[in-house]
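Peer 1: First, the structure itself, so that you have it in front of you.
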Amino acid sequence: RVEVNGQRVTLTAKEFDLLVMLTSSPERVFTREALLNHVWGYTYVGDGRTVDVHIGTLRKKIEAVKDAPHSIRTVWGVGYKFTLEEEE
516 RVEVNGQRVT LTAKEFDLLV MLTSSPERVF TREALLNHVW GYTYVGDGRT VDVHIGTLRK
576 KIEAVKDAPH SIRTVWGVGY KFTLEEEE
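Okay, so the sequence shown: first residue is 516 according to the working numbering, each after it adds one.
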């Protein structure tokens, strides 16, 4: 179960697993490959765009909550991180 500012956010299993991994180490940048390996498993034969699509959907769900205090940032050319700071 995930709540943002007291509002329940419904996630798929993959979205939840991505969120758990990203929030396990706030501000740490995770590569697409690391996210694929952790969430989909080492036998996954898809590509990194799968991560991008799931991150995009997850980001929209979290940021749809008014005054969501945290968000998922793209680190261009590297991957993604969960940040505790507001975007400037």
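Glycine is no exception: its CB is placed at the ideal position from the N, C-alpha and C atoms.
1. Of all the options 552, 541, 553, 526, which has the alpha carbon lying nearest to the alpha carbon of residue 587?
2. Does the structure place the segment 571 to 591 close enough to the segment 549 to 556 that three or more beta carbon pairs sit under 8 Å?
3. Please state whether the Cβ-Cβ distance between residue 524 and residue 550 is less than 7 Å.
4. May I have a chain-ordered list of the beta strand (DSSP E) segments no shorter than 3 residues that lie completely inside the segment 524 to 569?
5. Whose C-beta lies closer than 8 Å to the C-beta of residue 516 among residues of the same chain, with five residues either side of it excluded?
6. Excluding the five sequence neighbours on either side, which residues of its own chain have a C-beta within less than 6 Å of the C-beta of residue 594, listed in chain order?
7. When DSSP labels each residue in this structure, what does residue 592 get in the three-state scheme?
8. Name, in chain order, the residues that DSSP records as bridge partners for residue 517.
Peer 2: Concretely, from the data shown:
1. In the sequence shown, the residue the question calls residue 587 occupies position 72. For the residues 552, 541, 553, 526, the minimum Cα distance to residue 587 belongs to 541.
2. No: the two stretches stay apart, fewer than three of their Cβ pairs being nearer than 8 Å.
3. As a working note, residue 524 is residue 9 in the sequence shown. As a working note, residue 550 is residue 35 in the sequence shown. Against a cut-off of 7 Å, the Cβ pair of residue 550 and residue 524 comes out as no contact.
4. Positions of the beta strand (DSSP E) runs, each at least 3 residues long and wholly inside the segment 524 to 569, cannot be given because no such run exists.
5. By one-based count along the sequence shown, residue 516 stands at place 1. Around residue 516: 523.
6. Sequence index remark: in the sequence shown, residue 594 carries index 79 (1-based). Excluding sequence neighbours, residue 594 sits near 544, 545, 546, 547.
7. Taking the first residue of the sequence shown as position 1, residue 592 is located at position 77. The answer is coil: DSSP assigns residue 592 none of H, G, I, E or B.
8. Working through the sequence shown from its first residue, we reach residue 517 at position 2. Residue 517 is bridged to 524.
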